[in-house]
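Please read the structure below before turning to the comments.
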Amino acid sequence: MAQPAQPPRRNDLREHAVELMMQAAPLAGMSRAEAEVVVDAMKPVHVLADTLLFEEGDAADSDYLVLVLEGQLRAVNSSGIPDGEVVITVVGAGSLLGEMGVIDGGPRSASCTALTDVKLGVLPRASLLGLVESHPMVAARMMLGISTILAGRLREGNRRLRTLSQVSRALQLELDAVHAVNRRLLEEQVGRGA
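Going by this note's numbering, the sequence shown opens with residue -9, and the numbers climb by one from there.
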C-alpha cells in the first residue's frame, strides 16, 4: 500500500519553495538559480487554519506577494452584496496571491482566509525592489510574470463585462416587450370602459 506524501520538512522547505516558484504559472520556465534568488528574498510565514490573512479593502500592509507552499487558502469578495460574499478561488501549493498589492500597495481587492494550516513565502514590495537593484533580470522576469497574471485577469474581467452587457441588453428587450404588452392591454381596457 502506498504511503501518503509527507509535507516537506523545515530544512526542505526552501527547496520545495524553489520548485514551486519554478512551476508557478506564469513564472514557469524560471531557472533554478533565478527561483533561488526570489525564494531567498521571501520571508517564511506559518498561518493557522481559519486565520484571516488579509481583508478586502485593507490598505495597510498590503504590498506583498505570497507564494503558497503548503495548505489551502480561500479568496472571497463582497461584490457589493449586502451580508454576502462570492468565493473567487480556492488555492493551494504553487499559487501566487497579492500580485496587485506588490505592484501598487493599494487596498486588497479580496479577503483571504486559511482553510488549513498554511506555509507561505512572502515577498514584500521592498524585497522585490531590492531585486531590481541586485538581480535586475530576475526582477524583470518576476514583473513580467506578475504583469501576465494581471493581464489575464483583466481579459477575464472584460469577457465577463461583455457577457453581463449582453445579458443586460437581452433583459431590457424582454422588459420592453412586457411593457408594450401591458400598455396595449391597458389601452384595450380603457377603450372598453369608455
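Glycine residues also receive a C-beta, built at the ideal position from the N, C-alpha and C atoms. Bear in mind that the values here come from a model prediction, so they are computed numbers and not experimental data.
Your pair residue 58 and residue 81 checks out as a contact, with CB atoms roughly 6 Å apart and the cut at 8 Å. With the rule of 3 Cβ pairs closer than 8 Å, the region 18 to 36 counts as touching the region 103 to 117.
Residue 103 is positioned such that its CB atom lies closer than 8 Å to that of residue 40.
For the region 36 to 67, the continuous beta strand (DSSP E) assignments of 3+ residues that do not extend past its boundaries occur at 42 to 44, 54 to 60 and 63 to 67, in sequence order.
Residue nearest to residue 48 within the set 18, 6, 14 and 100 is 100 (criterion: CA-CA distance). In the three-state DSSP reduction, residue 10 falls in the helix class (H, G or I).
In the DSSP assignment, residue 78 falls within the unbroken beta strand (DSSP E) covering 76 to 81. For residue 124, there is no enclosing beta strand (DSSP E); the enclosing alpha helix (DSSP H) covers residues 115 to 124. Beyond the five residues adjoining it in sequence on each side, residue 45 comes within less than 6 Å, by CB distance, of 101 in the same chain, given in chain order. With contacts defined as CB atoms closer than 8 Å, residue 91 and residue 53 qualify as a contacting pair. For residue 181, the number of other beta carbons within 10 angstroms of its own is below 16, and it is reported as exposed. The secondary-structure analysis by DSSP pairs residue 103 across a beta bridge with 42 and 64. In this structure, residue 86 sits near residue 56, with a CB-CB distance shorter than 8 Å.
Residue 76 is positioned such that its CB atom lies no closer than 8 Å to that of residue 64. Residue range 22 to 31 is occupied by the alpha helix (DSSP H) that includes residue 22. Contact between residue 108 and residue 28 does not hold, since their C-beta atoms are separated by about 19 Å, which reaches or exceeds 8 Å. Taken through DSSP and simplified to helix, strand or coil, residue 110 comes out as strand. Around the beta carbon of residue 135, a 10 Å sphere encloses 16 or more other beta carbons of the protein chains shown; the residue is thus reported as buried. Note: residue 34 is bridge-paired with 111 in the DSSP secondary-structure output.
Here residue 86 carries a strand assignment [DSSP, helix/strand/coil].
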